[in-house]
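Residue numbers for the sequence shown, in this note's numbering: 3 to 117.
A short worksheet on the structure shown next.
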Amino acid sequence: QVQLVESGGGLVQAGGSLRLSCVLSGDIWRIWSMEWHRQAPGNQRELVASITQGGITTYGNSMKGRFAISRDTGKNTVFLQMSSLKPEDTAVYYCLARGGQDDYWGRGTQVTVSS
Numbered sequence: 003q004v005q006l007v008e009s010g011g012g013l014v015q016a017g018g019s020l021r022l023s024c025v026l027s028g029d030i031w032r033i034w035s036m037e038w039h040r041q042a043p044g045n046q047r048e049l050v051a052s053i054t055q056g057g058i059t060t061y062g063n064s065m066k067g068r069f070a071i072s073r074d075t076g077k078n079t080v081f082l083q084m085s086s087l088k089p090e091d092t093a094v095y096y097c098l099a100r101g102g103q104d105d106y107w108g109r110g111t112q113v114t115v116s117s
């Protein structure tokens, strides 16, 4: 099993920045990719960013150039640096660890961007 705990969400004005953290614990040797997803009310959950074990990153189209995913393997932590935030970025942000046959989700952290 793998446990994920997100933090760093909050209320920020449009144009501001936030950094989300996701701390992993448990059988982390299983994990080959980490992702951030988000879900706004009434919307489907969507991919925000991903980073593989080899360090390859991908981003959702609306996040390119504004968001950056990174990791600190020594601290078993994945980060999502969000800049130039817009009201449409308001959502619950979830951390996902992909472990081959199993995927592990965190409980999410709320990000609210005011106009």
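Here a beta-carbon is modelled for each residue, glycine too, at the ideal position from N, C-alpha and C.
Here the structure is a predicted model, which means the values were calculated and not measured.
{"Query": "My guess is that residue 69 and residue 51 are in contact by the Cβ rule of under 8 Å, so how many angstroms apart are they, rounded?", "Result": "6 Å"}
{"Query": "Candidates 37, 87 and 111: which alpha carbon is nearest residue 73's?", "Result": "37"}
{"Query": "Whole angstroms is fine: what's the gap from residue 79's alpha carbon to residue 96's?", "Result": "14 Å"}
{"Query": "Under the three-state reduction of DSSP, which class applies to residue 86: helix, strand or coil?", "Result": "coil"}
{"Query": "Starting from residue 32 and walking both ways along the beta strand (DSSP E), at which residues does that stretch end?", "Result": "Where residue 32 is concerned, there is no enclosing beta strand (DSSP E), given that its DSSP letter is neither H nor E."}
{"Query": "DSSP state of residue 64, grouped into three classes?", "Result": "helix"}
{"Query": "Can you tell me where the beta strand (DSSP E) with residue 21 in it begins and where it stops?", "Result": "20–28"}
{"Query": "Where residue 35 and residue 117 are concerned, what is the direct C-alpha to C-alpha distance, given to the nearest angstrom?", "Result": "34 Å"}
{"Query": "Quick one: is the Cβ of residue 77 within less than 7 Å of any heavy atom of the ligand MN?", "Result": "You won't find the ligand MN in this model; it holds no ligand whatsoever."}
{"Query": "What would DSSP say about residue 92, mapped onto helix, strand or coil?", "Result": "coil"}
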